[in-house]
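Enquirer: One structure, as structure tokens, below. Some questions next.
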Amino acid sequence: MSTTDWRIEALDFTTCNCDYSCPCQFNARPTHDHCRAAVGFRIERGHWDTTPLDGVIFVGLLAWPGAIHEGRGEAHLIVDQATTEDQRRAVNALFRGEETEPGATIFNVFSNTIDTYYDPIVRQIAFEADVTERTGRISIPDIVEGTGEPIRNPVSGEAHRVRVTLPHGFEYHEAEYASSTVKTLQARIPLEWTEGHAHLARVVWTPQGVAHG
Numbered sequence: 024m025s026t027t028d029w030r031i032e033a034l035d036f037t038t039c040n041c042d043y044s045c046p047c048q049f050n051a052r053p054t055h056d057h058c059r060a061a062v063g064f065r066i067e068r069g070h071w072d073t074t075p076l077d078g079v080i081f082v083g084l085l086a087w088p089g090a091i092h093e094g095r096g097e098a099h100l101i102v103d104q105a106t107t108e109d110q111r112r113a114v115n116a117l118f119r120g121e122e123t124e125p126g127a128t129i130f131n132v133f134s135n136t137i138d139t140y141y142d143p144i145v146r147q148i149a150f151e152a153d154v155t156e157r158t159g160r161i162s163i164p165d166i167v168e169g170t171g172e173p174i175r176n177p178v179s180g181e182a183h184r185v186r187v188t189l190p191h192g193f194e195y196h197e198a199e200y201a202s203s204t205v206k207t208l209q210a211r212i213p214l215e216w217t218e219g220h221a222h223l224a225r226v227v228w229t230p231q232g233v234a235h236g
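Quick note on numbering: the sequence shown equals residues 24 to 236 in the numbering used here.
Next comes the structure, spelled out in structure tokens:
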């Protein structure tokens, strides 16, 4: 049970190495029988106790040797350099799923499947996300480059739109699905793929979970 008052309204740009749509979203096994992900968030409005979080950007690199629920995962948090020490502590707590009701947010769910959290680092982060256009970008010099773009019709090349609603989801209520390309450079968790899954969403989280509807 959370004893800390917190709330965030954020842009969520999530990528993973699965095929478009990511079977995990539908309680199925990952495409390649293991999971690797790069996730980025820009908090538009938020607070953690008395610490304001407006404008805070952070990125998480994650990997599991099998399906997420099978555990043995590892995670690394990178926080934008334009943050205070208090904001960094708050984001680290959020990333570890702390002060959250069990299973209420994706990071709390992840916390039960991750064996290793590497020490957070602070770097300059470029983050872009346009939910309507299904485009996104994460760029951290010498660590990771990730982009998202619309899924393309294989015949016409036209943008293909997919929107998914999860009425009881623990990450988002509704998201636009896209295609991702990700490559790490000098990262603790190596990632690399093209034409993988991506989704973009506006999320609202509290200790009780995702705001739906």
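C-beta atoms are modelled at their ideal positions from N, C-alpha and C, and glycine is treated no differently.
1) What separation, rounded to the nearest whole angstrom, lies between the Cα atoms of Thr139 and Ala86?
2) Applying the criterion that 16 or more other CB atoms from any shown protein chain within 10 Å of the CB defines a buried residue, is Val178 buried or exposed?
3) Would the stretch 198–206 and the stretch 126–135 be scored as touching if the rule is three or more Cβ pairs under 8 Å?
4) Using three-state DSSP, classify Leu85 as helix, strand or coil.
5) Helix, strand or coil: how does DSSP classify Ser134 here?
6) Given Pro46, which residues of its chain have a CB within under 8 Å of its CB, disregarding the five upstream and five downstream residues?
7) Checking the sheet assignment: what are the DSSP bridge partners for Asp103?
8) Mapping DSSP to helix, strand and coil, what is Cys47?
9) Write down every uninterrupted run of the beta strand (DSSP E) in the stretch 158–209 whose length is 3 residues or greater and which is fully enclosed by it, in chain order.
Expert: The relevant details are as follows:
1) When only Cα atoms are considered, Thr139 and Ala86 end up about 10 Å apart.
2) That one is exposed.
3) Counting Cβ pairs under 8 Å, fewer than three are found: no touch.
4) Three-state result, Leu85: strand.
5) Reduced to three states, the DSSP call for Ser134 is helix.
6) Result list for Pro46: Arg52, Pro53 and Thr54, in chain order.
7) According to DSSP, which records beta bridges pairwise, Asp103 is partnered with Arg146.
8) Reduced to three states, the DSSP call for Cys47 is helix.
9) Counting only unbroken stretches of 3 or more residues, the beta strand (DSSP E) elements lying wholly within the stretch 158–209 are 158–163, 167–172, 185–188 and 197–207, in sequence order.
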